[in-house]
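Here the structure is laid out as structure tokens; the discussion comes afterwards.
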Amino acid sequence: MQINRKEIFEKVKNFIIKRHIMLVLIIAPIGGIVVFSGMVLYNQSETFCQKCHKNQGTYVSLDMRIPAHKDINKGGPTCVSCHPDKAVEMLLIRSLKKVPKYSQRVANLRVKESVDSQNIYQDEECISCHPEILSLAEVDEPNLPLQVKDIGLRYDHNIHYRFEHFRAEDEQRWKQLRVKDNLNKDEQEEFTLLEKIRIGNCETCHIQSKKDEIGKNVVDKTVNYTARNPISCAGCHEDALPTTHPGNDMKFPSKETCQKCHHGKIHGKFQIFKAECEDLTNTENCVKCHPNIQLNVD
33 MQINRKEIFE
43 KVKNFIIKRH
53 IMLVLIIAPI
63 GGIVVFSGMV
73 LYNQSETFCQ
83 KCHKNQGTYV
93 SLDMRIPAHK
103 DINKGGPTCV
113 SCHPDKAVEM
123 LLIRSLKKVP
133 KYSQRVANLR
143 VKESVDSQNI
153 YQDEECISCH
163 PEILSLAEVD
173 EPNLPLQVKD
183 IGLRYDHNIH
193 YRFEHFRAED
203 EQRWKQLRVK
213 DNLNKDEQEE
223 FTLLEKIRIG
233 NCETCHIQSK
243 KDEIGKNVVD
253 KTVNYTARNP
263 ISCAGCHEDA
273 LPTTHPGNDM
283 KFPSKETCQK
293 CHHGKIHGKF
303 QIFKAECEDL
313 TNTENCVKCH
323 PNIQLNVD
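Throughout the sequence shown, residue numbering follows my numbering, covering 33 to 330 in sequence.
Rendered as structure tokens:
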């Protein structure tokens, strides 16, 4: 049987001419899905990210020596498993979410940014990428902003982390020292710190998820429902949001950020020393945070 190619071609052409709208409506979505799926798969590969984020090149931001990156090229977690905000589908979702904001600006309406505490990193998420941060007590000079480069900056991340709430290991150690007789000097200093953590316990008010009388998790809608927990990682690093970090460079916490807690007033059952850079009447507080400061107060 001889195939009449010309006749087949004419039939196909006529079918396309008559049904071109239907074909476009069918093929376009299918093609879009296939292309988008391919983009997602390519985006999830380490090759895609390393095209720009190389150890040498325009973006010197990928350090393969840190624990989080050591297995990237060895079949370990992909980049987007830790950086989900860089996924193509998340880019699409963010673009759709910005539509109302752009429409407000076009209409010359005032845009008010709100803080949704559910869209803020939890401390455990921060530590999973920055496991060494709790051992950092003083900021290295190259990382300091110009305002404090000469006077230094001491910020004990571990102490602030422990003050967030009375953690189980601290409570256990506190109970051991409380019943022990004749504490030596180091043990007495440790017990004094643990007692401060127990009394301070910022979690008492500044945690959103609490337990009711029967142990069920409930959302506390009083203090910390639409505000940040000031003692958490995101409380100081306010621009460390899932939508922008990792990615954009973060601003160094400002003096006003420190003063949310360091205001020198009784807060709950605790008083935190005042961080007032312009007031030099109590220079003892200055050197607590700025070890290299030279004070010449008559």
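Idealized CB from N, CA, C, for every residue including glycine.
Classification of residue i by the beta-carbon crowding that lies within 10 angstroms, buried from 16 upward
i      : result
Ala200 : exposed
Lys38  : exposed
Val66  : exposed
Arg51  : exposed
Ile229 : buried
Glu196 : buried
Glu316 : exposed
Asn233 : buried
Glu78  : buried
Asn46  : exposed
Straight-line Cα distance separating residue j from residue i
i      : j      : result
Arg186 : Ile325 : 11 Å
Ser127 : Tyr153 : 21 Å
Leu176 : Ile59  : 56 Å
Glu121 : Met71  : 9 Å
Lys83  : Tyr74  : 12 Å
His322 : Glu308 : 12 Å
Asp281 : Leu124 : 22 Å
Pro99  : Arg210 : 38 Å
Lys144 : Val131 : The predicted position of Lys144 is uncertain, since its pLDDT is 42 and thus under 50; a value taken from the coordinates is nonetheless stated next. Between Lys144 and Val131, the C-alpha separation is close to 15 Å.
Phe198 : Leu178 : 35 Å
Asn249 : His238 : 15 Å
Cys81  : Cys111 : 7 Å
Glu227 : Ile304 : 14 Å
Ile31  : Met96  : Absent from the structure is residue 31, since the part of the chain shown begins at 33 and ends at 330.
Cys293 : Cys268 : 10 Å
Lys43  : Ala119 : 44 Å
Val109 : Lys283 : According to the sequence as given, residue 109 is Pro; it is not Val. Rounded to whole angstroms, Pro109 to Lys283 spans 28 Å at the Cα level.
Leu94  : Gly63  : 34 Å
Lys207 : Thr224 : 12 Å
Glu164 : Asp172 : 14 Å
Gly247 : Ser69  : 44 Å
Ile40  : Asn105 : 51 Å
Glu270 : Ser113 : 23 Å
Lys287 : His295 : 11 Å
Leu166 : Asp202 : 15 Å
Phe302 : Thr289 : 18 Å
Selection from the options that minimises the alpha carbon distance to residue i
i      : options                          : result
Thr276 : Gly107, Leu94 and His115         : His115
Asp291 : Gln82, Lys306, Tyr74 and Glu227  : The question names Asp, yet the displayed sequence has Gln at residue 291. Of the listed residues, the one whose Cα sits closest to Gln291 is Lys306.
Thr236 : Asp281, Lys45, His299 and Arg205 : His299
Asp182 : Asn36, Val319, Glu42 and Lys43   : Val319
Glu170 : Gly184, Ile159 and Ile231        : Gly184
Ala266 : Glu157, Phe80 and Glu42          : Glu157
Ile159 : Lys287, Ala272 and Thr289        : Ala272
Pro285 : Ile104, Val180 and Phe68         : Val180
His101 : Asn36, Gln76 and Cys161          : Cys161
Beta-carbon proximity check, residue i vs residue j, cutoff 9 Å
i      : j      : result
Pro278 : Asp117 : yes
Glu221 : Arg205 : no
Asn151 : Pro61  : no
Ile48  : Leu57  : no
Asp155 : Ser264 : yes
**OP:** Could you tell me whether the segment 176 to 196 touches the segment 208 to 217, where touching means 3 or more Cβ pairs closer than 8 Å?
**Re:** no
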